[in-house]
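There are 2 protein chains.
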Amino acid sequence: MSTASPRRTAASPSLDTAAWIDAAFEMLAEGGIDAVRVDPLAKRLGVTRGSFYWHFKDREALHQAMLKEWRKRASYQIGSRIESRTSAPDERLKQTLALPNSTPRSKRAAAIELAIRLWAQRDANAAKAVQHIDRVRLKYYAQLFGEMGLAQPEARKRAFMFYATLLARAYVITDADTDVSADLAALLVDP
Amino acid sequence: MSTASPRRTAASPSLDTAAWIDAAFEMLAEGGIDAVRVDPLAKRLGVTRGSFYWHFKDREALHQAMLKEWRKRASYQIGSRIESRTSAPDERLKQTLALPNSTPRSKRAAAIELAIRLWAQRDANAAKAVQHIDRVRLKYYAQLFGEMGLAQPEARKRAFMFYATLLARAYVITDADTDVSADLAALLVDP
DNA sequence: ACGCCACCATACACAAGTGTATGTTGATAT
DNA sequence: ATATCAACATACACTTGTGTATGGTGGCGT
Chain A
0 MSTASPRRTA ASPSLDTAAW IDAAFEMLAE GGIDAVRVDP LAKRLGVTRG SFYWHFKDRE
60 ALHQAMLKEW RKRASYQIGS RIESRTSAPD ERLKQTLALP NSTPRSKRAA AIELAIRLWA
120 QRDANAAKAV QHIDRVRLKY YAQLFGEMGL AQPEARKRAF MFYATLLARA YVITDADTDV
180 SADLAALLVD P
Chain B
0 MSTASPRRTA ASPSLDTAAW IDAAFEMLAE GGIDAVRVDP LAKRLGVTRG SFYWHFKDRE
60 ALHQAMLKEW RKRASYQIGS RIESRTSAPD ERLKQTLALP NSTPRSKRAA AIELAIRLWA
120 QRDANAAKAV QHIDRVRLKY YAQLFGEMGL AQPEARKRAF MFYATLLARA YVITDADTDV
180 SADLAALLVD P
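First to last, the protein sequences are chains A and B.
Everything in the first sequence is counted per numbering that gives the first Met the number 0, starting at 0 for the first residue and increasing by one.
Everything in the second sequence is counted per numbering that gives the first Met the number 0, starting at 0 for the first residue and increasing by one.
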C-alpha cells in the first residue's frame, strides 16, 4: 500500500516536530491552550505518546515551541509585507482590509490568535509574545499612515483603529445585516 | 465563632448557586471554559463535589447557566444605559470610551468575554449568545450615532469601529508608549 | 421534641491524561 | 551484512477529574 508511513524518508531533519506543532495549533484553535494535550494529539496523529516524548521534553515544552512558532509566523507575515513595497500605502491598507475573513483558513488563524490572547492572561511568555506582535503590527500600520502624510500621533491613532477593526472583524460575530466591514476601507483609509 | 458557615441563614433562596457561578466565572477568566471544572471549583469554594451535584445536574449544566448569566449581565449593562437618558449621545459615547480598562475588575470582565468568544468557536449556544450581545451593543451604538445626526449606513459603520476600538482596548496588549486609546474619543465621536 | 429537608460530606467506580522506562523497527552508513 | 540510531510502541505508576449513591447535620415549622 503506497509508501506506508514515511518513518525515515531521507529528507526529514525534524519535519515531524513541525507536524506535532501543526496539530497542536489545531487543538489550540478548538479548545484553547488547555486542550493542547499529549494523548489526544497523539491519537489525532495516529501515533502514541512515545513519539511525543521523543520530540519534546514535556507538555510545557510543546507550548513554548508553539509560542515561538506563532511569533515567527506573525512576524514573518508583517515582514514580508514590508519587503514587498509594490503598491502605495493606502492601497496596501485597503488590501489588508480586503483580506478574506470567512474562509476556514482565516477563521482558524483568528481562533488561534484568540486562544493565545486568552492564554496571555495567565502566562507571562504568551503575554510577551502577544505584546511583541501587537507592537510590530501597530508600528507597521502607523508607518503606512505616516507615508500617507499623517503626523506621528495621528498616524498612531489611525493605526490603532485600523488594527482594532481588523481584530473585530475576526472576533465579533455579525450577521450579514450588520456586517459593514466591507465599507470600512473608505472611512479609515480615505478620510 | 461568629456565625460560622451560613448554611441555612433564613434568606437564601438559591444564593449558593450564584456563588458557584461566580467562582466559575473566575476560572473561566483564567483558563477558558475547559478550566471550569467541578473539583477545582469545589476546592476554591471550600466544599466538596457533593455540593455541586446538588445545585447542578452536571458540568454541562453549569456551563449553560454561565452562558445564561453572561447574557443577562451584558444585556442589563446595555439596557441600563438605554434607560438612563441623562446626557447627550456624544457625551455618552465619550463616557463609554472613558470607562476604565486597567482595573482588575475590567480586566477580568475582558478575560471572561475573551474566553466566551473562544468558546463560541465550537459551542453553538455560546456562539448564539455572543452574536446576540454583539448585535445588541452594535445596535445601541448605531442608535447613538444616529441621534448625533448620522444616516443609518454611516452610523452603522461608525458603531462598528467604535465597538472594535473598545474591544481592542481590552484585548490588545499595548505598552504605555503605544496606548493612544485615550485620544480616540475625538477621532471617533467628534469628526 | 421531632421529623423534614436543604445542603454538604464520604466513598466508590470509572475514564482520561501525564511522565518514565524500556522494548521494537526500519533506514542508513560503513 | 550488521551495528547504529532516529522514531515510535508498550507497559506501568500516578494524578486528576467525573458522576453516582448514600450517609450525615443543622435549621425550621408544627
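Note that beta-carbon positions come from the ideal geometry of N, C-alpha and C, so glycine has one too.
*Is DSSP giving I172 (chain B) helix, strand or coil here?*
Indexing the second sequence from 1 puts residue 172 (chain B) at position 173. The answer is coil: DSSP assigns I172 (chain B) none of H, G, I, E or B.
_Taking 7 Å as the limit between beta carbons, can you name the residues of its chain near H62 (chain B), skipping five residues before and five after?_
Against the second sequence, residue 62 (chain B) aligns to sequence position 63. I32 and V35.
_Nearer than 6 Å: is that true of the beta carbon of I172 (chain A) relative to any heavy atom of the ligand SAM?_
With respect to the ligand SAM, the structure offers nothing, as it holds no ligand at all.
*May I ask which residues mark the beginning and end of the alpha helix (DSSP H) holding M65 (chain B)?*
Taking the second sequence and counting its residues from 1, one reaches residue 65 (chain B) at position 66. M65 (chain B) -> alpha helix (DSSP H) spans R58 to E82.
_Can you pull the chain B neighbours of R121 (chain A), defined as C-beta to C-beta under 8 Å?_
As a first step, residue 121 (chain A) is located in the first sequence; it is residue number 122 there, counting from the start. In chain order: E29 and G30.
*If you draw a straight line from the alpha carbon of L113 (chain A) to that of L117 (chain B), how long is it in whole angstroms?*
If you number the first sequence from 1, residue 113 (chain A) lands on position 114. If you number the second sequence from 1, residue 117 (chain B) lands on position 118. Rounded to the nearest angstrom, the two C-alpha atoms are 6 Å apart.
*Cβ of L96 (chain A) less than 7 Å from any chain B Cβ?*
Mapped onto the first sequence, residue 96 (chain A) falls at position 97. No, L96 (chain A) does not count as interfacial toward chain B.
*Reduced DSSP category for N100 (chain B) - H, G, I as helix; E, B as strand; rest coil*: Here residue 100 (chain B) corresponds to residue number 101 of the second sequence, with the count starting at 1. It is coil, neither helix nor strand.
*Buried or exposed for I132 (chain B), please, with buried defined as at least 16 other CB atoms from any protein chain shown within 10 angstroms of its CB.*
The residue given as residue 132 (chain B) occupies position 133 in the second sequence. Label assigned to I132 (chain B): buried.
*Are V188 (chain B) and L98 (chain B) touching if we call contact CB-CB under 7 Å?*
Position 189 of the second sequence holds residue 188 (chain B). Position 99 of the second sequence holds residue 98 (chain B). Their beta carbons are not under 7 Å apart, which means V188 (chain B) does not touch L98 (chain B) by this criterion.
*If we count the other Cβ atoms within 10 Å of its Cβ and call it buried at 16 or more, is I81 (chain B) buried or exposed?*
The residue given as residue 81 (chain B) occupies position 82 in the second sequence. The residue in question, I81 (chain B), is exposed, as its Cβ has fewer than 16 Cβ neighbours within 10 Å.
*At a Cβ threshold of 7 Å, is A163 (chain A) touching chain B?*
Stepping through the first sequence from its first residue, residue 163 (chain A) is reached at position 164. Taking Cβ atoms only, chain B reaches closer than 7 Å to A163 (chain A), which makes this a yes.
*Rounded to a whole number of angstroms, what is the C-alpha to C-alpha distance between K156 (chain A) and A184 (chain B)?*
By one-based count along the first sequence, residue 156 (chain A) stands at place 157. By one-based count along the second sequence, residue 184 (chain B) stands at place 185. One C-alpha to the other measures close to 10 Å.
*CB D89 (chain B) to CB M147 (chain B), shorter than 7 Å?*
Working through the second sequence from its first residue, we reach residue 89 (chain B) at position 90. Working through the second sequence from its first residue, we reach residue 147 (chain B) at position 148. A contact, by the Cβ cut-off of 7 Å.
_Helix, strand or coil for A87 (chain A)? Go by DSSP, reduced to three states._
On the first sequence, position 88 is the one that residue 87 (chain A) refers to. Coil, per DSSP.
*Check the Cβ-Cβ distances between I172 (chain A) and every residue of chain B, and say whether any is below 7 Å.*
As a working note, residue 172 (chain A) is residue 173 in the first sequence. It does: the Cβ of I172 (chain A) has a partner Cβ on chain B nearer than 7 Å.
*Could you work out which residue in A:D21, A:A64, A:F161 and A:G45 is closest to A125 (chain A) when comparing CA atoms only?*
Reading the first sequence from its first residue, position 126 is the one you call residue 125 (chain A). Nearest C-alpha to A125 (chain A): A:A64.
*Can you tell me whether R168 (chain B) is buried or exposed, with buried defined as 16 or more other CB within 10 angstroms of its CB?*
Counted from its first residue, the second sequence places residue 168 (chain B) at position 169. Burial call: buried.
*Where do the N-terminal and C-terminal ends of the alpha helix (DSSP H) with G49 (chain B) fall, by residue?*
Taking the second sequence and counting its residues from 1, the one referred to as residue 49 (chain B) is at position 50. Element bounds for G49 (chain B): R48 to H54.
_If you reduce the DSSP assignment to three classes, tell me which class A125 (chain A) lands in._
Here residue 125 (chain A) refers to the residue found at position 126 when the first sequence is read from its first residue. The answer is helix: DSSP assigns A125 (chain A) an H, G or I state.
*Around the Cβ of A109 (chain A), are there at least 16 other Cβ atoms within 10 angstroms (buried) or fewer (exposed)?*
Locating residue 109 (chain A) in the first sequence gives position 110, counting from the first residue. The residue in question, A109 (chain A), is buried, as its Cβ has 16 or more Cβ neighbours within 10 Å.
*Hey, could you find the ends of the alpha helix (DSSP H) V37 (chain B) is sitting in?*
As a position in the second sequence, residue 37 (chain B) is number 38, starting the count at 1. From DSSP, the alpha helix (DSSP H) with V37 (chain B) extends over V37 to L44.
*Can a CB atom of chain A be found closer than 7 Å to the CB of L166 (chain B)?*
As a first step, residue 166 (chain B) is located in the second sequence; it is residue number 167 there, counting from the start. At least one chain A Cβ lies under 7 Å of L166 (chain B).
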